[in-house]
Amino acid sequence: MAEPETPEVDYLIVGAGAMGMAFADTLVAETDATVALVDRYGRPGGHWTVAYPYVRLHQPSAYYGVNSRELGSGEVDRQGWNAGLHELASADEILTYFDQVMHKTLLPTGRVSYFPMSVHDGPDPARPDVQRCHSVVSGDEFGIRVRRRTVDATYMNVTVPAMCPPKYEVDPGIRLITPNELPSLVAPSSHYTVVGAGKTGIDACLWLLRHGVDPADLTWIMPRDAWLLDRAQIQPGPEFAATRAESLSARVRAVLESDTADELFERLEANGSLLRLSSDVTPTAFRCATVTRSELEQLRRIPDVVRHGRVRRIGADTVELDGTTLPARPGTLYIDCTADGLEPRPTVPVFSGSRITLLRASGAA
1 MAEPETPEVD
11 YLIVGAGAMG
21 MAFADTLVAE
31 TDATVALVDR
41 YGRPGGHWTV
51 AYPYVRLHQP
61 SAYYGVNSRE
71 LGSGEVDRQG
81 WNAGLHELAS
91 ADEILTYFDQ
101 VMHKTLLPTG
111 RVSYFPMSVH
121 DGPDPARPDV
131 QRCHSVVSGD
141 EFGIRVRRRT
151 VDATYMNVTV
161 PAMCPPKYEV
171 DPGIRLITPN
181 ELPSLVAPSS
191 HYTVVGAGKT
201 GIDACLWLLR
211 HGVDPADLTW
221 IMPRDAWLLD
231 RAQIQPGPEF
241 AATRAESLSA
251 RVRAVLESDT
261 ADELFERLEA
271 NGSLLRLSSD
281 VTPTAFRCAT
291 VTRSELEQLR
301 RIPDVVRHGR
311 VRRIGADTVE
321 LDGTTLPARP
331 GTLYIDCTAD
341 GLEPRPTVPV
351 FSGSRITLLR
361 ASGAA
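Per the numbering used here: the sequence shown = residues 1 to 365.
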């Protein structure tokens, strides 16, 4: 059997998530380069393809996506906990958007090739200009000859709970699910415990409250409090121009007038840029999550917030944390929200020989 033909492109982009798609979009729009996109998922969108179904952006839709195509309609929500602010794209909207970018913007140029359900295996030892890949469905191997650069758009390793097991022990018989499984519940639980205090934990708590769970029946295990951005301060559009300018000016003044990080956060809270869950607990983290004040009011309804570090083990009778051991409530459904979507990654050069590694400083979801 003859060896399959090896396509030749200027750039091979590994990963068709937000970063890879944005890089490809800019290449196609601003150069005459040819591009191949290799991605392990069956559709573009990266971690959004496996995210929990009720997830939404924490920032306005207008701030996300690629340059050539706007995400969303620019509308302002008229109801709900985001009322009065710009729309937040849902997971379905984001996946449809990236599908349109791929099939209506990139592929029609004739300069882009797309290889879904495929894995990049690295350079071919016998042919340094060829990158080896294989299909995870058929197992077929194939090569792509790269004239200029191989672009790694997967280095930041964004993860959601459905992609990895929890890092703590879970005894047999414990009911523990990922946030993806919440919409599939068929019967109520006597108690719910959300494990994790990042964006995913916030979303899980708000989902449970929105669906009528009594706050008294909800425990939130929060290893450490984090500062939260007030979403009202970072709105796009001309109708928010004055508020946006005033907020930016206040943040700049806070930076210029502060001598320490602690002082800076105090000033940012005082001018309304940052919020905290509890007035008597000083946050020790900042992960760029945003909330509205209405959402924060809902979260503050939860009376049982456990602040004793990370979970080490969930047993039938006890929950072991870094700082204490607590009795486990019978009939509890645990929701694991501990995947680190922005885990610290070693600093690497963006440009290294024929390789480009895409990096980012903070979350964009």
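Quick reminder that beta carbons are idealized off the backbone N, C-alpha and C, glycines included. Because the structure is a prediction, the values reported are computed rather than measured.
Asked                                                                                                       : Found
Under 7 Å between C-beta atoms of P7 and I144                                                               : yes
DSSP three-state assignment for A285, whether helix, strand or coil                                         : strand
The alpha helix (DSSP H) enclosing S294, as first and last residue numbers                                  : R293 to L299
Euclidean distance between Cα positions of G65 and L248                                                     : 23 Å
With 16 other Cβ atoms within 10 Å as the buried cut-off, status of Q79                                     : exposed
Pairwise C-alpha distance: S113 and A2                                                                      : Confidence in A2 is poor, its pLDDT being 46 and thus under 50, which makes the residue's placement unreliable; the coordinate value appears in the next sentence. Their Cα atoms are separated by approximately 22 Å.
C-alpha gap between V130 and G331, whole angstroms                                                          : 56 Å
Which of helix, strand or coil DSSP assigns to P238                                                         : helix
Limits of the alpha helix (DSSP H) - the one that R267 falls within                                         : A261 to A270
DSSP state of A328 mapped onto helix, strand, coil                                                          : coil
Whole-angstrom distance between R132 and P123, CA atom to CA atom                                           : 6 Å
Whole-angstrom distance between I356 and P404, CA atom to CA atom                                           : The question about residue 404 has no answer here: the residues shown for the chain are numbered 1 through 365.
Span of the beta strand (DSSP E) around Q100                                                                : Taken as a continuous stretch (DSSP letters only), Q100 belongs to no beta strand (DSSP E), being part of the alpha helix (DSSP H) at A91 to Q100.
Residue span of the alpha helix (DSSP H) that contains E30, given as start and end                          : A18 to E30
Proximity to Y168 [Cα-Cα], best of L342, Y155 and L321                                                      : L321
Residues near T34 by beta carbon distance below 6 Å, same chain, minus five either side                     : V9, D10 and R111
According to DSSP, residues forming a beta bridge with L321                                                 : V311
Outcome for K104 when other beta-carbon atoms lying within 10 angstroms are tallied against a minimum of 16 : exposed
Three or more C-beta pairs below 8 Å linking the segment 20-27 and the segment 160-180                      : no
As assigned by DSSP and simplified to three states, the class of E141                                       : strand
Residue burial classification, S118 (beta-carbon count within 10 angstroms, cutoff 16)                      : buried
Stretch pair the segment 238-255 + the segment 293-302: three plus CB contacts closer than 8 Å              : no
P349 in three-state terms, based on DSSP                                                                    : coil
Top-ranked residue by Cα proximity to V281, from V306, D259, A62 and R267                                   : V306
For T219, the first and last residue of its enclosing beta strand (DSSP E)                                  : L218 to I221
Residue range of the beta strand (DSSP E) that includes I367                                                : Residue 367 lies beyond the range of the chain shown here (1 to 365); nothing can be said about it.
Proximity to H191 [Cα-Cα], best of W81, L218, T96 and T338                                                  : L218
Endpoints, beta strand (DSSP E) assigned at R132                                                            : R127 to S135
Collapsed DSSP secondary structure at A33 in the structure displayed                                        : coil
Presumed contact (8 Å Cβ cut-off) between L88 and T49, rounded CB distance                                  : 19 Å between Cβ atoms; not a contact.
The segment 307-319 contacting the segment 250-258, beta-carbon criterion three pairs below 8 Å             : no
Exposure of F372, with buried meaning 16 or more beta-carbon neighbours within 10 Å                         : Given that the chain is displayed from residue 1 to residue 365, the structure contains no residue 372 and the question cannot be resolved.
Best match in R69, R127 and A126 for proximity to D99 [C-alpha to C-alpha]                                  : R69
Residue interval of the alpha helix (DSSP H) (run including T200)                                           : K199 to R210
Contact check, V55 vs A91, beta carbons under 7 Å                                                           : yes
Backbone CA spacing between A254 and A232 [nearest angstrom]                                                : 18 Å
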